[in-house]
Structures are given as structure tokens and as C-alpha cells.
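For the sequence shown, this note's numbering gives the first residue as -4, with consecutive numbering after it. Even for Gly, the Cβ is constructed at its ideal location relative to N, Cα and C.
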Amino acid sequence: ATVGLGNIAGVAIAVSIGGPGAIFWMVVTAVFGMSSKLASCTLAIMYRKIHPDGRVSGGPMYYLEKGLGGMGMGEFGRTLAVVFAFLTIGGSLGGGNMFQANQTLEILSTVSPFFRDYNWLVGLIMSALVGLVIIGGIRRIGRVTSRIVPVMCVLYVAFSLLIIISHIGDIPDMIARIVGDAFTGPAAFGGFLGVLVTGIKRAAFSNEAGLGSAAFAHAAAKTTEAAREGMVAMIGPFIDTIVICLMTGLVCMSTGVYADPQFQASEGFVVGAKMTAAAFDSFLPGASYALAVAVVLFAYSTMISWCYYGERAWEYLFGGSTILVYRIIFVCFVFLGAVTALSNVLNFSDMMILGMAFPNIIGGIILSPQIKACLQDYWGRLQRGEMKRYD
């Protein structure tokens, strides 16, 4: 989904740590991230493996190994692929799992202190719900969630727009503050460099550009046009960060909650979805209850998706016969996410997820001639009218 906890909690975390200026660097990161998303998803189609039974195995591990292998760098490509696979497993357990569970608990605690006092119970319930789908094979829950989530996405965007429009006269000042703070920032957190790093981390967490994770999903696309799939993937960072994350940032600023001392980050203390919930409540009392429902659904669907990514990495490393081991580990980490402090969850998640970018970007740079050739071939056929028509 385009809207997720990266948009709701991630932006709030960025503003809590780096101030409004972090939003600017999230947008800048998304602009550059569009090209990396194009590269990853184009390569995913070019080097995916289609099994005799129709199953598709794809993602950065395959284009790192096969792509670099075709250039005479087989050992190096294999090493990058293995490193990426291990980091993907870590990323699926961190950002794709613990962070989701943690922020679900935070938003539920906002609407009722009961959940804060019984975080272990929330963790157990979430673990059971995830386990029912990924271990028990009860896909109906996942299918129902997948139908509800798009509706919640539309409602979230609509309500955010309503808040922004009601403060439309303040938008020029807010934009000026975002741009101005981007180059100054809170001195307590390292000034310009701190704001820059915060924005980049939260943007990458939200739109996954450069990480290579989106390549897992796009590799399964029913298309033979790698370049076209890559260009479709570019839309993600634009909508996710340049549009929706910016909207969330403006919501937090226009309602004034970002300046509230209780939402300011300090050593070992970070605020996430709670800030966005407070912004919604300040505009319409009780709106945080609807946001809580949305967060639970977004988190649940994200965990199922990241479990799929982690499974592909696990299968690459250890084979498909041991997938159940990974699924059990994944369910256990859901519980850990609910009972662990957000600052610790973020440290682990950032280390794993941002670590994925290094082997992926290195491979993408080396394989850039293949990407360029694929794009030139696609545009050439398009201009000559040789593309297959779908009526």
C-alpha cells in the first residue's frame, strides 16, 4: 500500500527528531529514490527466475548473482547477493515486523491506557493473528485486510487534506519553515547534518527506494517489459513521500502538535504515531480512534508483505524446505516489537533496512549499462510503433 506506518509514524518520528526541516530531506530523498526504484525493478524483471510450475523467484539476490556473473564478477555478485539476503531477513524482522507492532501498540495506547499496561497481551494477539496467516494458512484474514486497507488509505488522505485545506492560509509559512529548518535544524541533534540524516532515513523507511525490497514484489509482475515495470515502480516514491509524507508533515505542523514538548525527541525517547494521532484529535476530537483502526490494518498488511520478502531471502540462502523456521521466528519478533522501546526498535530496523541499500546500490551501479540498454530498447520500440497493443 502507498499509505502505511512510514507515512503516519515515520514522518512524526522525523519531525520529532529533526524538526520540520527533516520533511524537506525526505522529499529530496524521494526524488533521487525514484531513479533507484526504476533500476531495481527493471533488473528484477530482467533477471528473475521462472520455475516450470509457474512460480517466480526474483529480487536483488538474483540480479546481483546473475547480472554480475554475466559480467565476469560471479564471486563478487554471489557475495553481494548473500549479504543482501541476510540483511533482508533482518529488515523483515525489524522494520517490516517489530516497528509495525511497536507503532500499533503506541497508537492503541493513545486511545486507551489499558493497552500500554498490557503491551504483552497486544503482542500475543498480534503474533497470533500474523501466525494464523503465515503459518496456519488462513488466507481469508489477509484477503479481507487487503480489501479494507485501500479504503483506509483513501480516508486517511481525505482527512489529511481536510486539515490542510482548513489551514490553507498557513501553508506558505509552513513551507518556508520546512525549507529554512532543512539547513539549520535543532542544534541539539547535530544541526544540518542531523536533520539531513533523519530525513534520509525516514524517507528510505517509508518508500523503500534504493533498498531493493520492492523488487521482490515487482519481479512477480505478469509482464515481459522490464523497463515498463521499472517506470511504473517510480510512481511509488512520488506518491508515498513527495505527496503523502509531505501531507502528514503539514498536518502535524498546521495543528501545532509538532511544537508540543511532549512530542519532542530526547535521548532514548522518540515519538511516532502518537503525534499524528494528536494532530487528528486536535482537529476533530475522537479522530484518533479511526486512525488507530487504520494503523492496525496498515501494520498487519505490511507485516504479511515483509514476511513474503523475508521468505524469498530465506529460501535463497537455506532452501524452501526450512521456510517454517523463518515463519516461527517472524511470529516471535511480532511479540518482541510490542514490548520493546521504540528507540531500540528504530536502531535495529534502520541498521538492517538501510544496510540493504549498500549491496543493492553497488550492484545497480555496476549493472547500469544493462539498465540503460533495456530502457533504450524500450523507448526505441515505442517510438517506432513496435510495441504490443492491448485492446
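Locate the alpha helix (DSSP H) running through I234, then write down its first and last residues. Premise fails: I234 is in no alpha helix (DSSP H) and is neither H nor E.
7 Å Cβ shell around F27 - same chain, five flanking residues per side excluded: none
Have a look at G358, D345, R376 and Q365 and flag the residue whose alpha-carbon is nearest the alpha-carbon of G89. D345
Are there 16 or more other CB atoms within 10 angstroms of the CB of K44, so buried, or fewer, so exposed? exposed
So G54 packs on R307, CB below 8 Å; how close in whole Å? 6 Å
Residues that DSSP places opposite K44 in a beta bridge: S52
Can you tell me which of the three DSSP states Y151 falls into? helix
In its own chain, which residues sit with a C-beta less than 6 Å from the C-beta of G72, not counting the 5 before and 5 after it? L59, E60, L63 and G64
Sequence-distant residues of the same chain with beta carbon closer than 7 Å to S201, five excluded per side: G1, N2, G5, D235, T236 and C240
If I measure Cβ to Cβ from P232 and keep anything under 7 Å in the same chain, skipping five residues before and after, which residues do I get? A25, G28, M29, K32, N202 and A204
Taking 9 Å as the cut-off, decide whether the C-beta atoms of D372 and A177 are in contact. no
Exposed unless 16 or more other CB atoms sit within 10 angstroms - verdict on E381: exposed
Mark N342 as exposed unless 16 or more other C-beta atoms lie within 10 angstroms of its C-beta, in which case mark it buried. exposed
P145 to S296 span [Cα, whole Å]: 11 Å
What residue range is occupied by the uninterrupted alpha helix (DSSP H) comprising F258? Per DSSP, F258 belongs to no alpha helix (DSSP H) and is neither H nor E.
DSSP three-state assignment for L206, whether helix, strand or coil: coil
Could you tell me if F109 is buried or exposed, where buried requires 16 or more neighbouring beta carbons within 10 angstroms of its beta carbon? exposed
In three-state DSSP terms, what is G5? helix
Element boundaries [alpha helix (DSSP H), containing E101]: F94 to V106
Determine the burial state of K196: buried for a count of at least 16 other Cβ atoms within 10 Å of its Cβ, exposed for fewer. buried
With 16 other CB atoms within 10 Å as the buried threshold, where does L279 fall? exposed
Helix, strand or coil for V290? Go by DSSP, reduced to three states. helix
On the criterion of 16 or more Cβ atoms from any shown chain inside 10 Å, does E70 qualify as buried, or is it exposed? exposed
With DSSP run on the structure shown, which of helix, strand or coil describes Y113? coil
What whole-angstrom Cβ distance do I130 and V326 have, given they're in contact under 8 Å? 7 Å
Given a threshold of 16 other Cβ atoms within 10 Å of its Cβ, counted over all protein chains shown, does L245 qualify as buried or as exposed? buried
Compute the distance between the beta-carbons of G332 and G16, then report whether it is under 9 Å. no
Give me the Cα-Cα distance between R379 and G359, rounded to the nearest whole angstrom. 28 Å
DSSP state of H162, grouped into three classes? coil
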